[in-house]
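One structure below.
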Amino acid sequence: LDWKPIKEFQEILFSECEGIAKISINRPQVHNAFTPLTVQEMIEAMDICRNRTDLGVIILTGEGGKAFCSGGDQSVRGHGGYVGDDTVPRLNVLDLQKQIRSIPKPVIAMVAGWAIGGGHVLHVVCDLTIAADNARFGQTGPKVGSFDGGFGASYLARIVGQKKAREIWFLCDQYDAQEALDMSLVNKVVPLDKLEETTVQWCRKILQKSPLALRMLKSSFNAELDGQAGIQELAGNATLLYYLSEEAKEGKNAFLEKRQPDFSKYPKFP
Ligand code: 1HA
5 LDWKPIKEFQ
15 EILFSECEGI
25 AKISINRPQV
35 HNAFTPLTVQ
45 EMIEAMDICR
55 NRTDLGVIIL
65 TGEGGKAFCS
75 GGDQSVRGHG
85 GYVGDDTVPR
95 LNVLDLQKQI
105 RSIPKPVIAM
115 VAGWAIGGGH
125 VLHVVCDLTI
135 AADNARFGQT
145 GPKVGSFDGG
155 FGASYLARIV
165 GQKKAREIWF
175 LCDQYDAQEA
185 LDMSLVNKVV
195 PLDKLEETTV
205 QWCRKILQKS
215 PLALRMLKSS
225 FNAELDGQAG
235 IQELAGNATL
245 LYYLSEEAKE
255 GKNAFLEKRQ
265 PDFSKYPKFP
């Protein structure tokens, strides 16, 4: 596939092809551990994906074939968070998690090798996960002095069940691709050399579907779990659809024409 760069970054690669965007962590020497800058760049790339109406699906991955992401870079972990050049400690991956969840387009984690710690949580919050047969999954928090009690705990438990989620966090064991499939933690396992091909096939299938229907479904799946923020997303989509109607346009037109709106001709559906 002929990936064209969208924008140059320092710690990620960001490219597109056929309406598919690919965001790839580019720190293979540390198994794609993230720094505050890596995360900030992913946030910017994700925002571009959200705003570009010609991009319909996003692949999140890591370079090198040996790791998706190994979580926060422990060598820049400081007092209260992960520290970048500005010396401010941050946990900005939490903002990225929320963004992946709320972007109204499917996000697919394409996992080769390690998805560990905060890197594991990143694949968990993606809509779908396709794993290579060399993928290995797990949390390390209680081993390295960290924990993610947000989506990393509660959404993980929704996916694999309470007992399994507690096992994953309390024991910090690692699970291979087949074990991940068996606990519905991933959607599909393929040989490493078929990983991108399969992921792109899934993307193409998604791109043939109605973007508004996909958008409504993503926010509907979220709404049940995300409380007021989930309902806000779903309701925002209802507003979007309403704005497409003649009935809503009558309200706006009447205001601009300084007249009373006439909604009488619009049906009161049963
Ligand atoms: O929990 C959170 C958060 C919670 C709330 C809010 C925000 C959060 C943000 C982040 C996180 C976290 O991510 S905490 C968890 C952090 N990650 C880890 O504990 C995983 C650390 N890595 C490993 O356990 C292992 O590297 C591995 C199981 C993934 C792979 O082992 P392997 O194959 O033996 O490779 P290894 O030799 O360990 O790694 C290769 C190189 O990559 C090493 O560097 P080298 O000795 O060659 O110089 C290794 O140090 C480096 N590396 C790997 N992972 C990290 C790392 N360097 C820094 N940070 C890493 N996470």
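Under UniProt numbering, the first residue of the sequence shown carries the number 5, and numbering increases by one thereafter. Beta carbons: idealized from backbone N, C-alpha and C, even for Gly. Predicted, not measured: the structure shown is a model, and the values here were computed from it.
Compute every distance between the C-beta of residue i and the non-hydrogen atoms of ligand 1, then say whether any falls below 7 angstroms.
i	result
I120	yes
F72	no
L98	yes
L95	yes
V34	yes
D131	no
A37	yes
F155	no
V148	yes
G75	yes
T203	no
Q78	yes
G145	yes
D152	yes
From what residue to what residue does the beta strand (DSSP E) around residue i run?
i	result
residue 352	Residue 352 cannot be examined here, being either before or after the span of the chain that is shown, 5 to 274.
K192	K192 to V194
To which residues does DSSP link residue i through a beta bridge?
i	result
W118	A71 and R140
R94	Y86
Y179	F141
T203	T203 is not bridged to any residue.
T133	A113
K8	E20
R81	Y86
G76	F38
State the CB to CB distance for the pair residue i and residue j, rounded to an integer number of angstroms; the pair is presumed to be in contact (CB under 8 angstroms).
i	j	result
V111	D137	Going by Cβ atoms, the distance from V111 to D137 rounds to 22 angstroms, so no, they are not a contact pair.
Y179	F141	5 angstroms
H35	K70	7 angstroms
I52	T42	Rounded, the Cβ-Cβ distance is 16 angstroms, inconsistent with contact.
I63	M114	5 angstroms
A169	A139	The Cβ separation is near 18 angstroms, so there is no contact.
G75	A135	Contact doesn't hold; Cβ gap of about 17 angstroms is too wide.
Q101	H124	Contact doesn't hold; Cβ gap of about 12 angstroms is too wide.
Quick one: give me the first and last residue of the alpha helix (DSSP H) that residue i is part of.
i	result
residue 275	Only positions 5 to 274 of the chain appear in the structure, and residue 275 is not among them; the question remains open.
E250	E250 to L260
R162	L160 to V164
Hey, would you say the C-beta of residue i is under 7 angstroms away from at least one heavy atom of ligand 3?
i	result
R140	By its list of ligands, the structure shown excludes ligand 3, since it contains just ligand 1.
Does residue i get closer than 8 angstroms to chain D when you measure Cβ to Cβ?
i	result
I16	No chain D is part of this structure, which consists of one protein chain only.
Problem set entry | Segments of 3+ residues assigned as beta strand (DSSP E) that fall wholly inside the segment 19-68 | Those beta strand (DSSP E) runs which fall completely within the segment 19-68 and span 3+ residues are 24-29 and 61-66.
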